[in-house]
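Novice:
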Amino acid sequence: MVASLRIYQIAVPTPLYRAFDYLAPVALTPGARVRVPFGRRELVGVVMGEVTQSELPANRLKNITQPLDDSAIFPPSVLSLLQWAADYYHHPLGEVVHTALPVYLRQGRAPVASGVKLWSLTPAGKAVDPQTLKRAPAQKQVLEALATDGEGLDAEQLAKVSQRSAAALKALRAKGWVSSHQRETRPVISGDLQTAPELNPDQKSAVAGILAGLGGFRPFLLHGVTGSGKTEVYLGVIEQVLAQGKQALVLVPEISLTPQLVGRFARRFRAPIALLHSGLNEQERLSAWVRASAGRASIVLGTRSAVFTPLMHPGLIVVDEEHDASYKQQDGFRYSARDVAVMRAAREKIPVILGSATPSLESLKNARQGAYTLIELPERTGTAVMPQVRLLDMRRLKPSEGLSLPLREALAARLEKGEQSILFLNRRGFSPVWMCFDCGWVAPCKRCDAQLTLHNRKQKLLCHHCGAEQEVVKVCPSCQGVNLHPLGEGTERVEGALEKFFPRARIERIDRDSTARRGALEEKLRRVHAGEADILVGTQMLSKGHDFPNVTLVGILNADQGLYGTDFRSGERLFQLIMQVSGRAGRADKPGEVLIQTWHPEHPLFAALQRHDFHGFAEFALNERRETGYPPYTHLALLRAEAPAPGAALEFLRAARALAVQLSPGKDVQLLSPAPAPMERRAGRYRAQLLVQSGQRAPLHEFLAQWVRQLTEAKFARKTRWSLDVDPVDMY
Ligand code: ADP
Ligand code: ZN
Ligand code: ZN
Numbered sequence: 036m037v038a039s040l041r042i043y044q045i046a047v048p049t050p051l052y053r054a055f056d057y058l059a060p061v062a063l064t065p066g067a068r069v070r071v072p073f074g075r076r077e078l079v080g081v082v083m084g085e086v087t088q089s090e091l092p093a094n095r096l097k098n099i100t101q102p103l104d105d106s107a108i109f110p111p112s113v114l115s116l117l118q119w120a121a122d123y124y125h126h127p128l129g130e131v132v133h134t135a136l137p138v139y140l141r142q143g144r145a146p147v148a149s150g151v152k153l154w155s156l157t158p159a160g161k162a163v164d165p166q167t168l169k170r171a172p173a174q175k176q177v178l179e180a181l182a183t184d185g186e187g188l189d190a191e192q193l194a195k196v197s198q199r200s201a202a203a204l205k206a207l208r209a210k211g212w213v214s215s216h217q218r219e220t221r222p223v224i225s226g227d228l229q230t231a232p233e234l235n236p237d238q239k240s241a242v243a244g245i246l247a248g249l250g251g252f253r254p255f256l257l258h259g260v261t262g263s264g265k266t267e268v269y270l271g272v273i274e275q276v277l278a279q280g281k282q283a284l285v286l287v288p289e290i291s292l293t294p295q296l297v298g299r300f301a302r303r304f305r306a307p308i309a310l311l312h313s314g315l316n317e318q319e320r321l322s323a324w325v326r327a328s329a330g331r332a333s334i335v336l337g338t339r340s341a342v343f344t345p346l347m348h349p350g351l352i353v354v355d356e357e358h359d360a361s362y363k364q365q366d367g368f369r370y371s372a373r374d375v376a377v378m379r380a381a382r383e384k385i386p387v388i389l390g391s392a393t394p395s396l397e398s399l400k401n402a403r404q405g406a407y408t409l410i411e412l413p414e415r416t417g418t419a420v421m422p423q424v425r426l427l428d429m430r431r432l433k434p435s436e437g438l439s440l441p442l443r444e445a446l447a448a449r450l451e452k453g454e455q456s457i458l459f460l461n462r463r464g465f466s467p468v469w470m471c472f473d474c475g476w477v478a479p480c481k482r483c484d485a486q487l488t489l490h491n492r493k494q495k496l497l498c499h500h501c502g503a504e505q506e507v508v509k510v511c512p513s514c515q516g517v518n519l520h521p522l523g524e525g526t527e528r529v530e531g532a533l534e535k536f537f538p539r540a541r542i543e544r545i546d547r548d549s550t551a552r553r554g555a556l557e558e559k560l561r562r563v564h565a566g567e568a569d570i571l572v573g574t575q576m577l578s579k580g581h582d583f584p585n586v587t588l589v590g591i592l593n594a595d596q597g598l599y600g601t602d603f604r605s606g607e608r609l610f611q612l613i614m615q616v617s618g619r620a621g622r623a624d625k626p627g628e629v630l631i632q633t634w635h636p637e638h639p640l641f642a643a644l645q646r647h648d649f650h651g652f653a654e655f656a657l658n659e660r661r662e663t664g665y666p667p668y669t670h671l672a673l674l675r676a677e678a679p680a681p682g683a684a685l686e687f688l689r690a691a692r693a694l695a696v697q698l699s700p701g702k703d704v705q706l707l708s709p710a711p712a713p714m715e716r717r718a719g720r721y722r723a724q725l726l727v728q729s730g731q732r733a734p735l736h737e738f739l740a741q742w743v744r745q746l747t748e749a750k751f752a753r754k755t756r757w758s759l760d761v762d763p764v765d766m767y
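With our numbering as the guide, the letters of the sequence shown map in order to residues 36 to 767.
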């Protein structure tokens with residue numbers, strides 16, 4: 036009897052670094068889910084493969100409880116990608132597999148897409164004059180909203196129209212004026228299809244070059260200056276992919292970028308789109324995932340974790356703004372979606388386009404060495420030209436509330452002409468410091484090595500690192516004085532200053548605080564596009580990909596932050612950021628201007644920015660990296676540790692280092708000394724890190740694999756929370 040049982044390796048969500056062997060009385064398909072007993076619990080796992088023998092004796096092997104899928108929910112390409120990712124990032128396989136699954140599938144539910152209920156007007160409803168509903172304002176609002184949208188609206192959309200939309204719908208249905216129907220997805224957009232613009236010669240050759248690679252693995256680095264029409268290149272390639280009946284997976288760094296891109300896809304193609312990002316509820320996420328994996332969505336658009344979404348007919352992967360740090364997951368399973376995308380394309384044997392105006396130095400080096408095909412779009416489309424960049428020497432200018440006189444004048448000139456401006460400031464809140472002007476005391480976070488930020492509207496002091504919140508201190512705890520004031524500017528303060536300087540201007544603040552409410556960002560962006568805003572002030576949320584045709588001025592308020600940062604990538608980040616924000620200026624027919632307030636106008640980074648010289652900057656930065664032995668010339672892994680007691684994390688790292696030395700990792704793998712993290716204490720925990728550096732990947736990973744396994748078993752490691760970060764992008 037026992038002989039007829041087969042042994043399968045199952046990835047189960049546990050923090051252990053291996054798959055587990057189980058017996059099954061029936062044949063299981065790799066990539067299908069099963070329920071298995073695990074300790075005293077039952078877990079949902081994924082079949083990785085069949086084995087002929089187990090390391091466990093036969094009598095210790097357990098039976099699976101129940102198969103959950105008749106067929107694989109992960110195709111072999113994705114299954115092998117997950118295995119690769121678990122090995123490469125040295126993360127437990129079961130957790131990696133779980134990351135790739137929508138929560139409902141982790142729980143064992145069936146992979147079926149559920150529809151959305153859409154409301155629309157009946158013929159009788161269409162005949163109603165909304166004015167007759169003056170006494171029932173909610174019904175009137177709902178009726179009017181439905182009248183403008185032919186395809187219908189769902190409950191959530193209607194809730195934005197009126198707070199009492201549910202009751203209003205009920206009343207309208209009772210009158211026979213509205214009815215509901217099921218659709219698989221909410222229609223993304225209604226409106227006319229737009230034809231593609233005539234591509235310029237650079238775009239044409241870019242599209243042709245990429246199309247030549249269809250049907251096989253080929254990575255492209257599409258370097259196009261801001262406004263050069265990269266998105267049109269994606270669209271041109273995707274058109275062919277769709278024509279072949281294949282699917283395109285498009286990754287964007289931020290959920291805030293999806294509406295804009297979805298709009299462009301939906302206006303160009305009548306192809307079903309599946310959206311995958313953190314703003315969805317679990318039902319929506321499952322539906323999108325199922326439509327992608329069943330091949331019913333032709334375009335799959337999502338943020339980081341969408342890179343694992345199975346596709347029935349994969350044809351192309353696009354990673355937009357490939358340089359963006361948010362492609363790297365910063366906790367748990369710390370993968371880089373950009374790098375995973377390339378590995379995935381290799382497994383699917385399809386092209387992958389990494390697009391950016393400011394490519395990462397890693398990708399640039401890959402392109403220079405021929406591993407990626409470099410495609411350049413050196414000019415803006417049409418008549419748009421690159422903006423003029425001017426440095427404002429703050430050593431000579433006296434700013435008022437962070438705004439220098441030339442910047443205020445430039446803003447006034449835009450207001451006069453009815454053009455829009457963007458002010459960029461990488462700091463939310465009112466002021467980053469709350470200080471006693473008598474004795475110099477500044478309000479600290481009790482749990483972090485950081486100062487509290489004053490939030491004036493909330494009337495609170497907040498820690499931006501741990502989220503702690505407290506009342507604004509009115510009496511100095513150090514000298515008992517009452518001479519406390521804000522120091523420095525955040526977006527909230529600049530917004531206030533703008534209201535004072537330009538009382539008639541319509542100002543939109545765009546940062547994490549002002550867009551926390553669901554839909555708030557979309558609404559703000561809509562106002563900007565509709566010309567209902569004159570000045571936008573915001574954080575890096577503004578830098579990413581948005582296309583605001585009427586913006587002709589970009590002001591950068593605190594450019595120097597990051598000029599001399601501690602992270603070896605500070606300079607690269609700053610350059611990318613300023614170039615991206617600057618790229619928002621003058622994208623249409625009106626020329627743009629960028630004003631940078633700086634105390635270091637002589638810095639070479641600014642000279643390169645003024646020339647829009649990405650390659651000049653990259654040359655300089657790559658040389659620096661080569662000399663200092665940092666990526667892309669070496670490969671890094673960071674062992675991080677944290678503990679509530681001071682010193683414990685460092686002590687753990689010293690022991691981990693001693694263990695590593697015993698493994699004699701070879702001379703190419705260098706272990707630096709354990710050091711406190713740049714911000715040692717955060718959220719009440721002391722943090723430290725140990726950097727491992729290697730000129731080559733293979734010996735590094737061979738060493739890491741052994742090291743991590745031994746660390747998971749080491750007694751000394753049990754008291755400390757630790758994690759390994761392969762290819763870290765944020766050294767904090
Ligand atoms: P990028 O992605 O490089 O920032 P986009 O593709 O968003 O650039 O293009 C910038 C603007 O130029 C968009 O408004 C787009 O519609 C327009 N555009 C792009 N290519 C062309 C073209 N060949 N002809 C006319 N307009 C174009
Ligand atoms: Zn004081
Ligand atoms: Zn804090």
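Just so it is clear, CB atoms sit at the ideal spot from N, CA and C, and this is done for glycine as well. All values derive from a computational prediction rather than experimental measurement.
So S200 and A173 are supposed to be a Cβ contact under 8 Å. How far apart are they, rounded?
Specialist: One-based indexing of the sequence shown puts residue 200 at position 165. One-based indexing of the sequence shown puts residue 173 at position 138. Contact holds; Cβ gap of about 7 Å.
Novice: Just checking E524 against ligand 1 - is the residue's beta carbon closer than 8 Å to any of the ligand's heavy atoms?
Specialist: Stepping through the sequence shown from its first residue, residue 524 is reached at position 489. E524: no, Cβ never under 8 Å from ligand 1.
Novice: Taking its Cβ as the centre, do 16 or more other Cβ atoms sit within 10 Å of W634, making it buried, or is it exposed?
Specialist: For the purposes of this step, residue 634 is taken as the residue at position 599 of the sequence shown. When all chains shown are included, W634 counts as exposed.
Novice: For M36, does the three-state DSSP call read helix, strand or coil?
Specialist: Residue mapping note: residue 36 aligns to position 1 of the sequence shown, counting from 1. Unreliable placement is indicated for M36, whose pLDDT of 44 sits below 50; the coordinate value is still reported in the next sentence. Here M36 sits in coil by DSSP.
Novice: Given this structure, state the Cα-to-Cα distance separating R268 from E607, to the nearest angstrom.
Specialist: Reading the sequence shown from its first residue, position 233 is the one you call residue 268. Reading the sequence shown from its first residue, position 572 is the one you call residue 607. The sequence as given places Val at residue 268; Arg does not occur at that position. If I take the Cα positions, the gap works out to 26 Å.
Novice: Specify the secondary structure class of W324 as computed by DSSP and reduced to three states.
Specialist: Counting from 1 along the sequence shown, the entry for residue 324 is found at position 289. Three-state DSSP puts W324 in a helix.
Novice: State the Cα-Cα distance for the pair Q611 and R299, rounded to the nearest angstrom.
Specialist: On the sequence shown, position 576 is the one that residue 611 refers to. On the sequence shown, position 264 is the one that residue 299 refers to. The straight-line gap from Cα to Cα measures roughly 25 Å.
Novice: For H500, is the beta carbon positioned less than 8 Å from some heavy atom of ligand 3?
Specialist: Reading the sequence shown from its first residue, position 465 is the one you call residue 500. Correct: H500 has its Cβ closer than 8 Å to ligand 3.
Novice: Just the Cα atoms here: how many angstroms apart are G627 and S456?
Specialist: For the purposes of this step, residue 627 is taken as residue 592 along the sequence shown, with counting starting at 1. For the purposes of this step, residue 456 is taken as residue 421 along the sequence shown, with counting starting at 1. Those two C-alpha atoms are separated by around 10 Å.
Novice: Mind pulling the beta strand (DSSP E) runs of 3 or more residues that sit fully within the segment 654-694?
Specialist: You should have 670-678.
Novice: Under the three-state reduction of DSSP, which class applies to T230: helix, strand or coil?
Specialist: Taking the sequence shown and counting its residues from 1, one reaches residue 230 at position 195. Correct three-state label for T230: coil.
Novice: Assuming the contact rule is C-beta atoms closer than 8 Å, G390 and L257 should be a hit. Round their C-beta distance to whole Å, please.
Specialist: Along the sequence shown, one-based indexing puts residue 390 at 355. Along the sequence shown, one-based indexing puts residue 257 at 222. Indeed, because the Cβ distance is near 4 Å, the residues count as touching under 8 Å.
Novice: Mind the definition here: the segment 661-677 touches the segment 393-412 only if three or more C-beta pairs lie below 8 Å; say whether that holds.
Specialist: Segments in contact, yes.
Novice: Can you tell me which of the three DSSP states T633 falls into?
Specialist: In the sequence shown, residue 633 corresponds to position 598, counting from 1. Correct three-state label for T633: strand.
Novice: Do K625 and ligand 5 come close, with the Cβ less than 8 Å from some heavy atom?
Specialist: Only ligand 1, ligand 2 and ligand 3 can be found as ligands here, which leaves ligand 5 out of the picture.
Novice: Measure the C-alpha to C-alpha separation of R528 and G573 and round it to an integer number of angstroms.
Specialist: As a position in the sequence shown, residue 528 is number 493, starting the count at 1. As a position in the sequence shown, residue 573 is number 538, starting the count at 1. Going from the Cα of R528 to the Cα of G573 covers about 11 Å.
Novice: Okay, do the segment 630-645 and the segment 588-605 touch, 3+ Cβ pairs below 8 Å being the bar?
Specialist: Contact holds: three or more Cβ-Cβ distances are below 8 Å.
Novice: Which first and last residues belong to the alpha helix (DSSP H) in which Y6 is found?
Specialist: Since the displayed the chain opens at 36 and closes at 767, residue 6 lies outside it and no answer follows.
Novice: Look up Q455 in the DSSP assignment and give the residues it is bridged to.
Specialist: In the sequence shown, residue 455 corresponds to position 420, counting from 1. According to DSSP, Q455 bridges with V586.
Novice: Could you give the distance in angstroms between the alpha-carbon of F459 and the alpha-carbon of K559?
Specialist: Start at 1 with the first residue of the sequence shown, and residue 459 comes out as number 424. Start at 1 with the first residue of the sequence shown, and residue 559 comes out as number 524. Those two C-alpha atoms are separated by around 16 Å.
Novice: Kindly provide the ranges of any beta strand (DSSP E) runs that are 3 or more residues long and lie completely inside the segment 469-527, ordered along the chain.
Specialist: Counting whole runs of 3 or more residues, the segment 469-527 contains the beta strand (DSSP E) stretches 488-490, 495-497, 504-506, 519-522.
Novice: Can you check the segment 323-382 for any beta strand (DSSP E) of at least 3 residues that lies completely inside it and give the ranges in chain order?
Specialist: Entirely contained in the segment 323-382, the beta strand (DSSP E) runs reaching 3 residues are, in chain order, 334-337, 349-355.
Novice: Starting from H216 and walking both ways along the alpha helix (DSSP H), at which residues does that stretch end?
Specialist: As a position in the sequence shown, residue 216 is number 181, starting the count at 1. Not the alpha helix (DSSP H): H216 falls in the beta strand (DSSP E), residues 213-218.
Novice: Please state whether DSSP places F55 in a helix, a strand or coil.
Specialist: Counting from 1 along the sequence shown, the entry for residue 55 is found at position 20. Three-state DSSP puts F55 in a strand.
Novice: Could you tell me the distance, in whole angstroms, from the CA atom of V163 to the CA atom of L321?
Specialist: Here residue 163 corresponds to residue number 128 of the sequence shown, with the count starting at 1. Here residue 321 corresponds to residue number 286 of the sequence shown, with the count starting at 1. Roughly 38 Å between the two C-alpha positions.
Novice: Taking only the alpha-carbon atoms, compute the straight-line gap between M36 and A93 and give it to the nearest angstrom.
Specialist: Your numbering for residue 36 matches position 1 in the sequence shown. Your numbering for residue 93 matches position 58 in the sequence shown. Any answer about M36 is weak, because its pLDDT of 44 lies below 50 and its placement is not dependable; what the coordinates show is given next. Near 13 Å, if we compare the C-alpha coordinates of A93 and M36.
Novice: Need the endpoints of the beta strand (DSSP E) that G573 sits in, please.
Specialist: Counting from 1 along the sequence shown, the entry for residue 573 is found at position 538. Segment 570-573, the beta strand (DSSP E) holding G573.
Novice: Taking DSSP as the reference, what is the three-state secondary structure of I273?
Specialist: What you label residue 273 is simply residue 238 of the sequence shown in a count that begins at 1. Helix, per DSSP.
Novice: On a Cα-Cα basis, can you pick out the residue from G502, Y139, V510 that is closest to D548?
Specialist: As a first step, residue 548 must be located in the sequence shown, where it is residue number 513. Looking at the Cα atoms, G502 is the closest of the given residues.
Novice: Is any heavy atom of ligand 2 found at a distance shorter than 8 Å from the C-beta of C480?
Specialist: Numbered from 1 along the sequence shown, position 445 holds the residue referred to as residue 480. Every heavy atom of ligand 2 is 8 Å or more from the Cβ of C480, so no.
Novice: Quick check on DSSP: helix, strand or coil for D237?
Specialist: For the purposes of this step, residue 237 is identified with residue 202 of the sequence shown, where counting begins at 1. Looking at D237 - three-state DSSP - the assignment turns out to be helix.
Novice: Based on Cα-Cα distance, which residue from P232, G271, Q142 lies nearest to G244?
Specialist: Numbered from its first residue, the sequence shown carries residue 244 at position 209. Here the closest residue by C-alpha is G271.
Novice: In the structure shown, what three-state DSSP assignment does L409 receive?
Specialist: Here residue 409 is taken as the residue at index 374 of the sequence shown, counted from 1. If DSSP states are grouped into helix, strand and coil, L409 belongs with the strands.
Novice: Please name the residue or residues paired with E543 in a DSSP beta bridge.
Specialist: Here residue 543 corresponds to residue number 508 of the sequence shown, with the count starting at 1. Partner(s): L571.
Novice: Between the Cα of Q705 and the Cα atoms of G187, L725, L522, which residue gives the shortest distance?
Specialist: Within the sequence shown, residue 705 is the residue found at index 670, counting from 1. The shortest C-alpha separation from Q705 is found at L725.
Novice: Going by beta carbon distance, what residues of the same chain come within less than 7 Å of F465, once the five residues before and after it are set aside?
Specialist: Against the sequence shown, residue 465 aligns to sequence position 430. Taken in chain order, the residues that qualify are L489, H490, N491, P521, G525, E527, R528.
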